[in-house]
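Mapping of the sequence shown onto my numbering: position 61 corresponds to residue 112, and the numbering continues sequentially without gaps.
Glycine included, C-beta positions come from ideal geometry on N, C-alpha and C.
Working notes, structure below.
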Amino acid sequence: METAKEMAEGALVALGVDYSISVTGIAGPGGGTPQKKVGLVYFGIGQKNEKTETHEHYFPFPRSSFREFAAHTGIYLLYNRLKRLA
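Take a look at the structure:
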């Protein structure tokens with residue numbers, strides 16, 4: 052989860068943006084361990100001058116579906132962050 056946090060914070064600085072999304076995980080088919088199974092994904096939602104949110108999810112799908120679910124979830128998490136500002 053720390054990696055997702057650092058990625059989101061790094062994107063804020065490197066790109067000079069107000070918001071960022073980061074995604075990291077194990078899409079498979081290989082690469083999993085007993086502690087981190089295939090399907091595990093972490094998200095970072097960064098906001099300039101605010102605490103970075105991190106989220107953990109598990110998507111037990113084939114790689115192509117995993118990637119699609121991860122993309123949609125990242126956008127949804129950012130949407131919810133923005134909605135709280137309104």
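On the three-state DSSP scale, how would you describe ILE77?
By 1-based counting over the sequence shown, the position of residue 77 is 26. When secondary structure is reduced to three states using DSSP, ILE77 falls in the coil class, being assigned neither helix nor strand.
Under the three-state DSSP convention, the category GLU60 falls into
On the sequence shown, position 9 is the one that residue 60 refers to. In the structure shown, GLU60 sits in a helix (DSSP, three-state: H, G or I).
Simplified DSSP state of PHE117, which is helix, strand or coil
Along the sequence shown, read from residue 1 onward, the residue named residue 117 stands at position 66. Correct three-state label for PHE117: helix.
Starting from GLY95, trace the beta strand (DSSP E) both ways and give me its first and last residue.
As a working mapping, residue 95 is identified with position 44 in the sequence shown. Its beta strand (DSSP E) spans residues 91-98.
Taking 8 angstroms as the threshold (C-beta atoms), are TYR130 and GLN98 in contact?
Along the sequence shown, read from residue 1 onward, the residue named residue 98 stands at position 47. Along the sequence shown, read from residue 1 onward, the residue named residue 130 stands at position 79. Not closer than 8 angstroms, so no.
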